[in-house]
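Visitor:
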DNA sequence: CCATCAAATGAGAGTAACTATCAAATTGAG
DNA sequence: CTCAATTTGATAGTTACTCTCATTTGATGG
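Protein chains in written order, with our numbering: chain Z, 9 to 186; chain R, 9 to 186.
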């Protein structure tokens with residue numbers, strides 16, 4: 009309920025223009041309760057649980073694919089599983105995260121976490137250790153390329169992120185031919 | 009003066025334990041003045057002017073190198089130009105940025121800016137447009153790999169970042185062989 | 001139906017980063 | 001020295017977030 013009301017307020021008045029006070033008035037709870045569920049105002053927008061879906065899709069990929077190919081496939085599958093309304097909601101959230109400085113900043117934690125997670129599953133697949141610098145570099149490069157795809161949406165708000173992401177993965181896959 | 013005193017306080021008492029009030033007491037200026045020079049407390053630690061040095065080094069690289077090779081060379085040169093005390097200071101700042109959640113979060117803006125800048129100089133070198141997805145992906149991958157090198161320092165605080173960065177670049181350069 | 005007890009909620013007071021406004025002081029050019 | 005521009009300061013907010021402790025809720029066993 010908190011998230012639903014908050015997101016509605018964010019959409020109508022903007023994120024920064026909406027105070028926590030307004031949210032708790034709307035939901036009719038106390039400030040204490042709000043912060044008990046969301047440690048920060050930003051968490052209302054930032055939190056989601058997509059990681060497990062992508063990890064599962066990655067583990068399902070055939071073993072003869074290269075790591076980048078497997079990731080590419082996993083992303084395609086994970087995005088494909090989303091319902092249209094879920095896609096719209098995710099897109100909403102992403103636009104907001106990109107547009108609001110405070111939220112953008114907080115995204116770094118997500119990216120760092122994604123690198124760690126990616127390191128673990130890549131290491132598992134390749135039979136290496138997660139702290140292997142080759143594993144770290146690949147994780148970093150993949151997440152960096154994904155970030156680049158997200159940022160591209162800033163310049164072209166109508167772009168399809170999943171398509172951009174796939175394109176980025178294809179460039180990674182093919183080596184960098186500039 | 010503000011930066012010097014602030015950094016000293018941060019080092020001795022910790023970043024979060026140090027309030028802006030303490031800093032302005034130390035430097036004997038008003039709160040207004042502090043925030044006029046540093047829009048946020050974090051900017052005291054985050055701000056630096058290394059980009060131009062790296063860009064210059066990149067532009068100096070021979071034209072027959074691949075983009076990643078040229079970058080690798082540029083990083084090596086730029087780091088090589090630093091005096092020992094400057095290296096120590098940079099290392100200090102980096103440890104602090106990695107350790108303090110608030111500062112870590114703010115780093116994303118720096119990384120995003122680095123991607124944009126890298127996009128511009130890579131595009132210039134390759135005769136492409138900065139919004140070319142191949143350019144964006146390479147910029148993203150390079151910055152992502154650099155992030156991975158930084159994060160590796162969290163696990164091993166004694167590690168040499170410039171060496172890790174070079175290692176990461178060499179992995180990028182050689183394709184990802186996992 | 002009631003007593004009990006843990007978990008959830010709320011109230012209230014406080015902190016610290018940041019903003020806005022406007023007056024006072026300082027500086028520097030002529 | 002003078003005047004104007006720039007820098008600084010004082011003051012009074014706003015808002016996110018924390019802490020502590022009292023109150024309420026709701027599930028469970030008798």
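Glycine is no exception: its CB is placed at the ideal position from the N, C-alpha and C atoms.
In this text the structure is predicted, and so the values were computed from the model without any measurement.
In the DSSP assignment, the alpha helix (DSSP H) including residue 58 (chain Z) goes from what residue to what residue?
Guide: No alpha helix (DSSP H) holds residue 58 (chain Z); DSSP gives it neither H nor E.
Visitor: Using CA atoms only, rank isn't needed, just tell me which of Z:74, Z:168 and Z:100 is closest to residue 20 (chain Z).
Guide: Among Z:74, Z:168 and Z:100, the Cα nearest to that of residue 20 (chain Z) is on Z:100.
Visitor: Does any CB atom of chain R fall closer than 9 Å to the CB of residue 89 (chain Z)?
Guide: No, because no Cβ of chain R sits closer than 9 Å to the Cβ of residue 89 (chain Z).
Visitor: Could you check where the alpha helix (DSSP H) with residue 20 (chain Z) kicks off and where it finishes?
Guide: That run of the alpha helix (DSSP H) goes 10-21.
Visitor: What first and last residue would you give for the alpha helix (DSSP H) that runs through residue 83 (chain R)?
Guide: 75-88 is the span of the alpha helix (DSSP H), which, as asked, contains residue 83 (chain R).
Visitor: At a CB-CB cut-off below 9 Å, which residues of chain R make contact with residue 123 (chain Z)?
Guide: Residues of chain R passing the Cβ test: 152, 155, 156 and 159.
Visitor: With three or more C-beta pairs closer than 8 Å as the rule, is the stretch 138-148 of chain R touching the stretch 156-166 of chain Z?
Guide: Judged by Cβ distances under 8 Å, the stretch 156-166 of chain Z makes contact with the stretch 138-148 of chain R, as three or more pairs qualify.
Visitor: Looking at the C-beta of residue 51 (chain Z), does it have a partner C-beta in chain R at a distance below 9 Å?
Guide: Not one chain R Cβ lies under 9 Å of residue 51 (chain Z).
Visitor: How many angstroms separate the CA atom of residue 56 (chain Z) from the CA atom of residue 93 (chain Z)?
Guide: Each residue's alpha carbon lies about 15 Å from the other.
Visitor: Residue 55 (chain R) touches chain Z at which residues, Cβ-Cβ below 7 Å?
Guide: Neighbours of residue 55 (chain R) on chain Z: none; closest Cβ ~15 Å, over 7 Å.
Visitor: Determine, using beta carbons only, whether residue 84 (chain R) comes closer than 9 Å to chain Z.
Guide: Not closer than 9 Å to any Cβ of chain Z, the Cβ of residue 84 (chain R) fails to qualify, so no.
Visitor: If you run the structure through DSSP and keep just helix, strand and coil, what is residue 167 (chain Z)?
Guide: If DSSP states are grouped into helix, strand and coil, residue 167 (chain Z) belongs with coil.
Visitor: Which of the residues in the stretch 33-51 of chain R, read from start to end, lie with their CB under 7 Å from any CB of chain Z?
Guide: Of all residues in the stretch 33-51 of chain R, none has a Cβ within less than 7 Å of some Cβ in chain Z.
Visitor: Taking the alpha carbon of residue 15 (chain Z) as the reference point, which residue from Z:125, Z:51 and Z:73 has its own alpha carbon closest?
Guide: Considering only alpha carbons, the answer is Z:51.
Visitor: Does DSSP put residue 178 (chain Z) in a helix, in a strand, or in coil?
Guide: Residue state, collapsed to three classes: helix.
Visitor: Could you check where the alpha helix (DSSP H) with residue 118 (chain Z) kicks off and where it finishes?
Guide: 109-134 is the span of the alpha helix (DSSP H), which, as asked, contains residue 118 (chain Z).
Visitor: Could you work out which residues of chain R lie near residue 24 (chain Z), taking near to mean beta carbons separated by less than 8 Å?
Guide: What residue 24 (chain Z) touches in chain R: nothing, since even the nearest Cβ is about 15 Å away.
Visitor: Is residue 70 (chain R) buried or exposed, if buried means 16 or more other CB atoms sit within 10 Å of its CB?
Guide: By the 10 Å Cβ count, residue 70 (chain R) comes out exposed.
Visitor: Give me the Cα-Cα distance between residue 134 (chain Z) and residue 33 (chain Z), rounded to the nearest whole angstrom.
Guide: Looking at the two C-alpha atoms, the distance is approximately 52 Å.
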